[in-house]
Amino acid sequence: MSSKESQLKESRMEQLAGVFFALLSLLLYFVIIPWQIESVRGAHPSPRSFPEVIAALLFVLAICLFISGWCKRSRPNQKIFRMSQEEIRQSIITFLVMTGYTLLLYVLPYIPVTMAALGVLMWIYGQRKWWKLSLAMLILPPSIYMAFTSLLKLRLP
Amino acid sequence: MKVKRFVVLSLVLLTLFALPVFCTSASGAYPDHAVTMIVNYSAGGGTDLAARALADAASKHLKEAIGITNVTGGSGTVGIAQLKNSKNDGYTIGVATLAPLAIVPWQLKVPYTPEDFEYLCAFGQYGYGLVVNSDSPYNSVEDVLQAAKKAGKMNFGATGYPQPFAMEALGKSVGVEFIYVNYADTAALITDILGGFIEVALCDQASFTSYVKSGQMKLLASATDKRWDSAPDVATLQELGYDVALLSYMGLCAPAGLDPAVLQTLRDAFAAASENEVYKEILVRSNLVYTYLPGEDYKKMVYEKYEEYKNLFSERKQ
Amino acid sequence: MVWSMLLDGFATVSMPENFIYLFGGIVIGLVMGAIPGLTATMAIALIIPMTYYITPTQSLIMLLAAYNAGTFGGSMSAILIATPGTPAAAATVADGFALAKQGKAVKAIKAALLASCFGCLFSSFVLTLIAQPIARYALKFGPAEYTVLMVFSLTIIASAAGRSLTKGLIGGCLGLLFGCVGMDAVYTTPRFTFGVLKLSSGIDLMVLLIGALAFSEVLKQAGHVRQAQNRPHLPAPACKEDSQFTRDDLKLSWKHWLRSSVIGCVIGALPGLGPALACWVGYDAAKRSAKHPELFGKGAVEGIAGAESANNAVCGANMIPLLSLGVPGDTGAAVLIGAFLVQGLTPGPLIFAESPQTVYNVYAGLILCNFVLFGVVWFTYRFFAAVARLEGSLIYPAVCVFCLIGVYALNSSLTDVWIMLFFAVVGFVLSRLEFPTVTMLIGFILSPIFERNARRALQLSFGDYGVFFRSPLCWAFWVITVISLVTILWGKRKNRELQDGL
Chain B
834 MSSKESQLKE SRMEQLAGVF FALLSLLLYF VIIPWQIESV RGAHPSPRSF
884 PEVIAALLFV LAICLFISGW CKRSRPNQKI FRMSQEEIRQ SIITFLVMTG
934 YTLLLYVLPY IPVTMAALGV LMWIYGQRKW WKLSLAMLIL PPSIYMAFTS
984 LLKLRLP
Chain Z
26 MKVKRFVVLS LVLLTLFALP VFCTSASGAY PDHAVTMIVN YSAGGGTDLA
76 ARALADAASK HLKEAIGITN VTGGSGTVGI AQLKNSKNDG YTIGVATLAP
126 LAIVPWQLKV PYTPEDFEYL CAFGQYGYGL VVNSDSPYNS VEDVLQAAKK
176 AGKMNFGATG YPQPFAMEAL GKSVGVEFIY VNYADTAALI TDILGGFIEV
226 ALCDQASFTS YVKSGQMKLL ASATDKRWDS APDVATLQEL GYDVALLSYM
276 GLCAPAGLDP AVLQTLRDAF AAASENEVYK EILVRSNLVY TYLPGEDYKK
326 MVYEKYEEYK NLFSERKQ
Chain H
20 MVWSMLLDGF ATVSMPENFI YLFGGIVIGL VMGAIPGLTA TMAIALIIPM
70 TYYITPTQSL IMLLAAYNAG TFGGSMSAIL IATPGTPAAA ATVADGFALA
120 KQGKAVKAIK AALLASCFGC LFSSFVLTLI AQPIARYALK FGPAEYTVLM
170 VFSLTIIASA AGRSLTKGLI GGCLGLLFGC VGMDAVYTTP RFTFGVLKLS
220 SGIDLMVLLI GALAFSEVLK QAGHVRQAQN RPHLPAPACK EDSQFTRDDL
270 KLSWKHWLRS SVIGCVIGAL PGLGPALACW VGYDAAKRSA KHPELFGKGA
320 VEGIAGAESA NNAVCGANMI PLLSLGVPGD TGAAVLIGAF LVQGLTPGPL
370 IFAESPQTVY NVYAGLILCN FVLFGVVWFT YRFFAAVARL EGSLIYPAVC
420 VFCLIGVYAL NSSLTDVWIM LFFAVVGFVL SRLEFPTVTM LIGFILSPIF
470 ERNARRALQL SFGDYGVFFR SPLCWAFWVI TVISLVTILW GKRKNRELQD
520 GL
């Protein structure tokens, strides 16, 4: 098991986050809000007012965060955010599997896709016992399917 | 080794289950399996209850079950959009009320037009009315208009279109501006009227009948083409001399391009179903107005209203 | 008079043909509440069409029992798999799951159960005894009053911010922004919908919760599960007390039960709020009055006590405006109106004249269902808790599958699933960097209520900002808000060591 880690000191994190949110709030104010919300003539408060106020607030807070990170940069016992290679990999794979699962549901019926997804996920999480894998894969999706369609009369893909 | 076995097994299972997707459906008399009805409002609401009751009645005539799916959102448009994209083999139909077909397209960008559907029937009518709090000093539409004229403008509450058009027409007739205060949530409108925070509202019959019956609110006039069943001595706006009547229906549609024989079967089934006693009873209890329009008539109405609202909305944008 | 009708009510409800509906309602509610994605409100909505053929008493007690049981059921999945089964259980996730990770899952379940039953019992009694005056008073709340109430609720964001006020406020801002997605309240033009039709009705709270709480939790745990291969996903209890609700726990909790039940009653009686808001306000109130607030979020039984009694108190309290005025207290009660109508009854003042005995049967049923719920869970919790002993590598994939199907089932929409995935990433990143996701959730819940009411108040007053300072209720809430802010900031100054940055 590799123990390579990504590390991020807290002060740095706060600075980076501060910059990120500041940029986000500017993007919101000048780009996204005008793009998404029509301006209504003469209306006050208009549909844009509330989001604009929040974006402005976000900007101020982002600056505060940045300053806080800056002031801390030489503090000795900072919290360090760690994430091992393993964690990063597993999280990303899980996310990708779920994304793939969702995409497949547009085309294929529910039961086989869920079976496959369950199998893959369990595999990734280290389950190797044959019988446990098959049991879960074979029992869970059909039971979910039946419960939702007959009891709740919902249509599944 | 184990990995290979696992992969092979998964592939086999996947193919086994995916096969039915590629098989053509068994040919036989329509319908030979259950039909799905998409309801574009949430479960438990007035439209949903009526639709379920009708579906129950119709399934006896079709000799197949009709299953309901609620697809909500976008003021009723998401369900209709999904109906448009469904297969037009007659196994998917949906509730298509007038508002999302003819009105909402002028407010939101929707991915469909009235031409994307075949019309089965219209099965219920929404009633509307002008209400005030029971303590209100207004006892007639005249009173309201007089007061508005004196003040120069007046707020009114409504939960969505087409209600505001009625108030605007009323206002124009006496040269007064009625300002539309939107209440997306009917319960909020009810509490504000009862609490005296808003003076007058153009509401829908289904949600407000109980308050009129209990005396908490006064119905000044019915805003549709009929009087309210629960308040038969209150006149309609048209009877009072104002040229305004809001018409909105609950209807059933199927995706366009449906086989004409299938279309006819469905239309017949629902025509028969609308005579069903249990269904009528539920309609009455949900305070909806019983009505029945055959498919062709509903289609004509939708097209008419579509044009009408297009003009109304573009007028006001100026 | 009241007592005799009430006793009659108890007699009627205990008859086997009626009791079975009560029982059935509880079971259905429990199961649907516990499954993430199926909410208590959904349970009611699906049961209603079936109630046409049974008597009013049977249908109403079944529905109310389902609603109550569902609100509790959500906390079970919150505790065992960090996924709130209903939005009302969102506040229980933090402490509940933390307790579960310490091997005290059963204790947490029992704590939630007791708090829930207490909350609903309390509000049932309030409902039975003083419904009408409360309902009439609740009518005095207009848009301006709601707005100031929301301003007060916004201070909860600051209180929930924990160590870093700045990060908490940023989370709150994000939540407020996400709450703006949908149609504008006044002009009904779409906002932030990016052309996606589904978004024009806004982001569903449940979708956001499952994404930001449950699925992001899965992503967080993803890295560790492989190593913990065959070990159960939750540790076993270390000692007997870990599985019991001890006297110490009771001593800690009972005051929170009372306080949060009152809060829940107030929120339930005011139309337009609901258990989702109540659980956070109750949680926050518990935290502020606790001796060791820093334990909240790490496994404080008091947190569960506060959250759960508040959200179940709403179940009883939202019947107050419903029965007295015919106005629903929240969406669950709104769906119940349909149930009344189907039976040919009209909720509102008339119902006391039309069929008073039905009303008292409902009261009796509501009171009784708490005891039945308690009994049912007391005998079956082991079954639910067995989930804790399953391996991580089985649980987490199953949770993923349930998250997806649950979100899909809400609106039969795959778009919702994409929204959930989006929030999973957001939640993952935020919580990894120690931004409190709680503040985002609260901001999201409050944003629409606040903005809608503020703008409506301004519309009704024709633009006059003075409307927010006119009525005595408004002033009362301004005062409470100021007090709240002062106490929060004061508290943060006192505990400087625990504060981080600003």
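Chains as they are written, first to last, in my numbering: chain B, 834 to 990; chain Z, 26 to 343; chain H, 20 to 521. Don't be surprised by glycine CBs; every beta carbon is placed ideally from N, CA and C.
Can you name the start and end residues of the beta strand (DSSP E) that Gly182 of chain Z belongs to? 178 to 183
Any beta-carbon of chain B closer than 9 Å to the one on Tyr415 of chain H? yes
Mind pulling the chain Z residues with CB within less than 8 Å of Ile339 of chain H? Residues of chain Z passing the Cβ test: none, with the nearest at roughly 13 Å.
Check for me: the alpha helix (DSSP H) holding Asn389 of chain H runs from which residue to which? 375 to 404
Once DSSP output is grouped into helix, strand and coil, what is the label at Phe280 of chain Z? The question names Phe, but residue 280 of chain Z is Pro in the sequence shown. In this structure, Pro280 of chain Z counts as strand in the three-state DSSP scheme.
By alpha-carbon positions, which one of Z:Pro130, Z:Ala127, Z:Ile128, Z:Gln107 ends up nearest to Gly119 of chain Z? Z:Gln107
Hey, could you find the ends of the alpha helix (DSSP H) Pro189 of chain Z is sitting in? Counting along the chain, the alpha helix (DSSP H) containing Pro189 of chain Z begins and ends at 188 to 199.
For the stretch 60 to 78 of chain H, list every residue whose C-beta sits within 8 Å of some C-beta in chain Z, in sequence order. Per Cβ criterion, the list reads Met61, Ile63, Ala64, Leu65, Ile67, Pro68, Tyr71.
Leaving out five residues before and five after Thr76 of chain H in sequence, what residues of the same chain have Cβ atoms less than 8 Å from its Cβ? Thr31, Val32, Asn37, Thr377, Asn380, Val381, Gly384
Using the beta-carbon of each residue, which ones in chain H are nearer than 7 Å to Asn207 of chain Z? Ala204, Val205, Thr207
Between Leu521 of chain H and chain B, is there a C-beta pair that is closer than 9 Å? In this prediction, Leu521 of chain H scores a pLDDT of 49, lower than 50, which makes its location untrustworthy; the coordinate-derived value is nonetheless stated afterwards. Taking Cβ atoms only, chain B reaches closer than 9 Å to Leu521 of chain H, which makes this a yes.
Give the residues of chain H in contact with Thr72 of chain Z, contact being defined as C-beta atoms less than 9 Å apart. What Thr72 of chain Z touches in chain H: nothing, since even the nearest Cβ is about 10 Å away.
In this structure, how does DSSP classify Ala84 of chain H when only helix, strand and coil are distinguished? Helix.
Starting from Val103 of chain Z, find everything on chain A with Cβ-Cβ shorter than 9 Å and list it in chain order. Among the protein chains of the structure shown, namely B, Z and H, there is no chain A.
With Phe854 of chain B and Leu890 of chain B assumed to form a contact (beta carbons below 8 Å), what rounded beta-carbon distance in angstroms separates them? The C-beta distance from Phe854 of chain B to Leu890 of chain B rounds to 11 Å, too long to fall under 8 Å, and the pair is not in contact.
Own chain, CB closer than 7 Å to Asn113 of chain Z, minus 5 neighbours either side, in chain order: Hits under 7 Å: Ala279, Pro280, Ala281, Gly282, Leu283.
Between which two residues does the alpha helix (DSSP H) harbouring Ser901 of chain B extend? 882 to 904
CA-to-CA distance, Gln289 of chain Z to Phe171 of chain H, given in whole angstroms: 59 Å
Taking Cβ-Cβ distances shorter than 9 Å, what residues in chain H pair up with Leu951 of chain B? In chain order: Pro416, Ala417, Cys419, Val420.
Considering Cα atoms alone, identify which of B:Arg922, B:Gly902, B:Val893 is closest to Cys192 of chain H. Nearest Cα to Cys192 of chain H within the set B:Arg922, B:Gly902, B:Val893: B:Val893.
Starting from Leu155 of chain Z, trace the beta strand (DSSP E) in both directions and tell me its first and last residue. 153 to 158
How many whole angstroms separate the CB atoms of Gly92 of chain H and Gly104 of chain H, which I take to be in contact at a CB cut-off of 8 Å? The Cβ separation is near 6 Å, so the contact holds.
Using a Cβ-Cβ cutoff of 9 Å, what residues of the stretch 237 to 266 of chain Z are near chain H? List them in chain order. Lys238, Ser239, Gly240, Gln241
By Cβ distance below 6 Å, which residues in the same chain neighbour Pro974 of chain B in space, the five residues on each side in sequence not counted? Beyond the five residues adjoining it in sequence on each side, Pro974 of chain B comes within less than 6 Å, by CB distance, of Ile944, Thr947, Met948 in the same chain, given in chain order.
CB contact below 9 Å: Ala443 of chain H versus chain B: yes
6 Å CB neighbourhood of Ser835 of chain B in its chain, flanking five on each side removed: The predicted model places Ser835 of chain B with a pLDDT of 42, which falls under 50 and marks its position as unreliable, so this point remains unresolved.
Nearest-angstrom Cβ-Cβ length linking Ala130 of chain H and Phe264 of chain H, presumed shorter than 8 Å: 6 Å
State the CB to CB distance for the pair Val522 of chain H and Ser280 of chain H, rounded to an integer number of angstroms; the pair is presumed to be in contact (CB under 8 Å). Residue 522 of chain H lies beyond the residue range present for chain H, which begins at 20 and ends at 521; the question has no answer from this structure.
Quick one: is Glu340 of chain Z buried, meaning 16 or more other Cβ sit within 10 Å of its Cβ, or exposed? Within 10 angstroms of the beta-carbon of Glu340 of chain Z lie fewer than 16 other beta-carbons, which makes it exposed.
Taking only three categories from DSSP, how would you classify Lys112 of chain Z? coil
Under 7 Å between beta-carbons, which chain H residues line up against Gln840 of chain B? List them in chain order, please. By Cβ distance, chain H contributes nothing, its closest Cβ being about 13 Å from Gln840 of chain B, past 7 Å.
Output, in chain order, the set of chain H residues within a Cβ distance shorter than 8 Å of Leu971 of chain B. Near Leu971 of chain B there are no residues of chain H at all, since even the closest Cβ is about 14 Å away, more than 8 Å.
State the Cα-Cα distance for the pair Tyr66 of chain Z and Met439 of chain H, rounded to the nearest angstrom. 22 Å
Does the beta-carbon of Asp217 of chain Z have 16 or more other beta-carbons within 10 angstroms, so that it is buried, or is it exposed? buried
Classification of Leu195 of chain Z by the beta-carbon crowding that lies within 10 angstroms, buried from 16 upward: buried
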